[in-house]
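Trainee:
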Amino acid sequence: MSAPSFTTVATASPYAKLLSGKRPDMEINIDDHDEAKIYTTFDAINGHVSITAPQNARFDEIHITFEGSTRTYIDNMSPASPKSRTSAYHNFLKLTMPISEADYPLPRIAEAGRTYTFPFNFVIPDRLLPTSCAHQKEDDHVHEAHIQLPPSMGDMLFSGKDDLSPEMVKIQYCIKVKVTSIRESDSKKMTVTEGTRKVHVIPAVVEAPPMSILVDDKDYTMSKTKSLRKGMFSGKLGKITVSAAQTAPFTLPKPSSRNSGPASTTATVSLRFEPHEPSLQPPRLGGLTSKLKALTFFSVKPARAIASRAMMATDYEMSRGVFTTSVPLSSRCVENVTWEKHEPKSIYQRRDSDLSTSSSDLSDSATTPLHDQRKVYYTATIVFPLSLPSSKAWVPSFHGCIASRVYFLDLSLSIHTPGTGIPATNASLRLPLQIAAEGNQSAPAPLSAAEAATELAQANAFLTPRTIEVPSEELIGNSVLRHDAPELPPSYEDFLDVASPRTVASMS
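Counting from 219, one number per residue, gives the positions in the sequence shown under this note's numbering.
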């Protein structure tokens, strides 16, 4: 799919037709731009707007803005609803380019056939204004997530690749130009003509700290234990536990890196096999497959909490929806994995002195066992490299007021028992996974958690209200101010007794 070379859309109002009879010609030109270009945090978008009127037309103002907006809709399934669809629009970003009075023609009449040029210069910010997210939220971290710039989403115009977004969600950035005029009859502002030019924005997204996941979490499966049998009518072979920790994120390279490879990361899978009898060997492993699952949350009402599958299940509303799709990543045969055998042993550790207490709940023994390894067990580790396929347009993880994108990493390990008649067992894990983005190389380094906390504490200390009161008697001393003292301001002479010195109280 080849992208068009020009994407300006211009429309004329009925009022403009009355003024000129024909629509003014408008072109929005961006310097060093092509339709496949991706802009990121702190990138400058420079260019100019050219407007040519076919006939003389009066106008009052020209507005040039850089805007970001999110559009969502929900299909109404209820037959009682009068509307078949409910939609929402959130204009989360609007930067205005000031135009000097000297750039306007005098009087404000566009001459027929003459082209007027107005330059613009915008810089993509690193975050939104706090007022862009003014709805109620359950916690402060929700507000912090919602004022981060979301990426462009749901438009295949730029790359021609699928970004795993449903048609119910569109996030767009554009240069918008509007020519207005004040109607003389009622002083109402009218739009003479307007145009837009879309740009593709993938903001910088820093790596989030690892999530705290509970054992009974319904969204993620960090560990899975399977009981194995020797055969259909044979005894037990043992049990195997497959577990993994949260992986490092996929980090999209900065847009200027033309020759960079695909974003990659590594998953580490840990195996532990406990045989039913000491003489039994670990089972034969098959293949380890992985796929990336993308979840796009959307709503027509602002989200008060961070979007998740658990929230959708427990707090179902007709105003929210989720679109799920998955992309296969890679598969690998792990039949030749190396198992390490651990012989029976007991590990004891002296209990810390701060745990010694007279409570009857604790034993009086000086030592307590940490691990009672009285049985043979085996362990193994699988390091699994992962890369994002280049066939998709990848969007960083984000959480917005009415749209969010999160990712899961699904891992499935096939396990074969030595006997016949039993099919292979699959142990599946679901891990949290983030897609981050490097952004512009000139972007300032983000503050660490400790630096951010220190900066916030200093700001709070500076803004803390001070109470001024009269000092106590023991802190008050006497100082003599004379009218002829050289450091005394001249204005003080009107208030001092020239004949005698004046004694005033001061703090020591």
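Glycine included, C-beta positions come from ideal geometry on N, C-alpha and C.
Quick caveat: nothing in here was measured; it's all calculated off a predicted structure.
Where does D321 sit, in a helix, a strand or coil, going by DSSP?
Mentor: For the purposes of this step, residue 321 is taken as the residue at position 103 of the sequence shown. Three-state DSSP puts D321 in a helix.
Trainee: Nearest to C392 by alpha carbon, out of F626, S608, H617 and N264?
Mentor: The residue given as residue 392 occupies position 174 in the sequence shown. Among F626, S608, H617 and N264, the Cα nearest to that of C392 is on N264.
Trainee: Could you tell me the alpha carbon to alpha carbon distance between E729 and A598, rounded to whole angstroms?
Mentor: Past the edges of the chain, shown from 219 to 726, lies residue 729, and the structure says nothing about it.
Trainee: Spatial neighbours of L606 within its chain, please: C-beta separation below 6 Å, excluding the five flanking residues on both sides.
Mentor: In the sequence shown, the residue the question calls residue 606 occupies position 388. So the qualifying residues of the chain are F468, P480, A481 and W612.
Trainee: Consult DSSP for M530 and reduce its assignment to one of helix, strand or coil.
Mentor: As a first step, residue 530 must be located in the sequence shown, where it is residue number 312. Here M530 sits in helix by DSSP.
Trainee: Specify the secondary structure class of H361 as computed by DSSP and reduced to three states.
Mentor: The residue given as residue 361 occupies position 143 in the sequence shown. Reduced to three states, the DSSP call for H361 is helix.
Trainee: Need the endpoints of the beta strand (DSSP E) that L647 sits in, please.
Mentor: Position 429 of the sequence shown, counted from the first residue, corresponds to residue 647. First-last of the beta strand (DSSP E) with L647: T643 to L651.
Trainee: For Q354, does the count of other Cβ atoms within 10 angstroms reach 16, so buried, or fall short, so exposed?
Mentor: Reading the sequence shown from its first residue, position 136 is the one you call residue 354. The residue is exposed, with fewer than 16 neighbouring Cβ atoms inside 10 Å.
Trainee: What did DSSP end up calling R592 once you bin it into helix, strand or coil?
Mentor: As a first step, residue 592 is located in the sequence shown; it is residue number 374 there, counting from the start. Coil, per DSSP.
Trainee: Please return the same chain residues whose Cβ sits closer than 8 Å to the Cβ of V552, not counting the five positions on each side in sequence.
Mentor: Residue 552 sits at position 334 when you count from the first residue of the sequence shown. So the list reads L503, G504, G505, L506, I600 and L631, once near-sequence residues are dropped.
Trainee: Between the alpha carbons of M374 and I458, how many angstroms are there, rounded?
Mentor: The sequence position of residue 374 within the sequence shown is 156, counting from 1. The sequence position of residue 458 within the sequence shown is 240, counting from 1. Cα-Cα distance, rounded: 45 Å.
Trainee: Who are the Cβ neighbours of I256 in its own chain at under 6 Å, not counting the five residues just before and after it?
Mentor: Here residue 256 corresponds to residue number 38 of the sequence shown, with the count starting at 1. Cβ neighbours of I256 beyond the five flanking positions: H418, I420 and P473.
Trainee: Where DSSP assigns a beta bridge to Y291, which residues make up the other side?
Mentor: Stepping through the sequence shown from its first residue, residue 291 is reached at position 73. Beta-bridge pairing links Y291 to S305.
Trainee: Which residue comes first and which comes last in the beta strand (DSSP E) that contains M440?
Mentor: Reading the sequence shown from its first residue, position 222 is the one you call residue 440. Counting along the chain, M440 falls outside any beta strand (DSSP E), and DSSP gives it neither H nor E.
Trainee: Just to confirm the assignment: which complete beta strand (DSSP E) runs, minimum length 3, are found wholly within the region 390–431?
Mentor: Within the region 390–431, the complete beta strand (DSSP E) runs of at least 3 residues are 407–419.
Trainee: Does the pairing of the region 275–290 with the region 378–394 give three or more beta-carbon distances under 8 Å?
Mentor: Enough Cβ pairs lie closer than 8 Å, so yes.
Trainee: Can you give the Cα-Cα distance for C729 and A466, rounded to whole angstroms?
Mentor: No answer is possible for residue 729: it lies beyond the span of the chain, which begins at 219 and ends at 726.
Trainee: From the DSSP output, in three-state form, read off S377 for me.
Mentor: Counting from one through the sequence shown, the residue named residue 377 turns up at place 159. If DSSP states are grouped into helix, strand and coil, S377 belongs with coil.
Trainee: Take the Cβ of I633 as the centre, count every other Cβ of all protein chains shown within 10 Å, and call the residue buried at 16 or more, exposed below.
Mentor: Your numbering for residue 633 matches position 415 in the sequence shown. Buried, because 16 or more other Cβ atoms sit within 10 Å of the Cβ of I633.
Trainee: Determine the DSSP secondary structure at N264, reduced to helix, strand or coil.
Mentor: On the sequence shown, position 46 is the one that residue 264 refers to. DSSP places N264 in strand when its eight states are reduced to three.
Trainee: Taking 6 Å as the limit between beta carbons, can you name the residues of its chain near D344, skipping five residues before and five after?
Mentor: Taking the sequence shown and counting its residues from 1, the one referred to as residue 344 is at position 126. Excluding sequence neighbours, D344 sits near T259.
Trainee: Just the C-alpha distance for P442 and K396, rounded to the nearest angstrom, thanks.
Mentor: By one-based count along the sequence shown, residue 442 stands at place 224. By one-based count along the sequence shown, residue 396 stands at place 178. It should be noted that the sequence gives Lys, not Pro, for residue 442. Cα-Cα distance, rounded: 58 Å.
Trainee: Please classify A679: does DSSP put it in a helix, a strand, or coil?
Mentor: In the sequence shown, counting from the first residue as 1, residue 679 sits at position 461. Helix at A679.
Trainee: Since F616 contacts P427 with CB under 8 Å, what's their CB separation in whole angstroms?
Mentor: Position 398 of the sequence shown, counted from the first residue, corresponds to residue 616. Position 209 of the sequence shown, counted from the first residue, corresponds to residue 427. With 8 Å as the limit, F616 and P427 do not qualify as a contact, their Cβ atoms being about 16 Å apart.
Trainee: Would you report the Cα separation of L604 and N644, rounded to the nearest angstrom?
Mentor: Indexing the sequence shown from 1 puts residue 604 at position 386. Indexing the sequence shown from 1 puts residue 644 at position 426. If you take the alpha carbons of L604 and N644, they lie about 20 Å apart.
Trainee: Below 8 Å on the Cβ atoms is my guess for V423 versus A654; work out the distance and round it to an integer in Å.
Mentor: As a position in the sequence shown, residue 423 is number 205, starting the count at 1. As a position in the sequence shown, residue 654 is number 436, starting the count at 1. Confirmed, Cβ separation roughly 5 Å.
Trainee: Using 7 Å as the threshold, is the C-beta distance between E492 and G456 below it?
Mentor: By 1-based counting over the sequence shown, the position of residue 492 is 274. By 1-based counting over the sequence shown, the position of residue 456 is 238. Yes, Cβ-Cβ distance for E492 and G456 is below 7 Å.
Trainee: Please confirm whether V460 has its beta-carbon closer than 7 Å to some beta-carbon of chain D.
Mentor: Looking for chain D here will not work: only one protein chain is present.
Trainee: Starting from the C-beta of A528, find all residues in its chain whose C-beta is less than 7 Å away, skip the five residues before and the five after it, and write them out in chain order.
Mentor: On the sequence shown, residue 528 is found 310 positions in, with the first residue counted as 1. If we look at A528 and ignore the five residues flanking it on each side, its Cβ neighbours are K436 and D437.
Trainee: Note down the Cα distance separating P325 from K312, rounded to an integer number of angstroms.
Mentor: By one-based count along the sequence shown, residue 325 stands at place 107. By one-based count along the sequence shown, residue 312 stands at place 94. Straight-line Cα distance between these residues: approximately 29 Å.
Trainee: Any idea if T411 is buried or exposed, counting beta-carbon neighbours within 10 angstroms, 16 or more meaning buried?
Mentor: Position 193 of the sequence shown holds residue 411. Label assigned to T411: buried.
Trainee: Just list the residues that DSSP pairs A512 with in beta bridges.
Mentor: As a working mapping, residue 512 is identified with position 294 in the sequence shown. A512 is bridged to T543 and Y625.
Trainee: From the DSSP output, in three-state form, read off L489 for me.
Mentor: Here residue 489 refers to the residue found at position 271 when the sequence shown is read from its first residue. Here L489 sits in strand by DSSP.
Trainee: Start and end of the beta strand (DSSP E) containing A462?
Mentor: Reading the sequence shown from its first residue, position 244 is the one you call residue 462. Unbroken beta strand (DSSP E) run through A462: K454 to A462.
Trainee: By the three-class DSSP mapping on this structure, what secondary structure does T599 have?
Mentor: Locating residue 599 in the sequence shown gives position 381, counting from the first residue. It is a strand residue.
Trainee: With A523 and R623 assumed to form a contact (beta carbons below 8 Å), what rounded beta-carbon distance in angstroms separates them?
Mentor: One-based indexing of the sequence shown puts residue 523 at position 305. One-based indexing of the sequence shown puts residue 623 at position 405. A523 to R623, Cβ: 16 Å. No contact.
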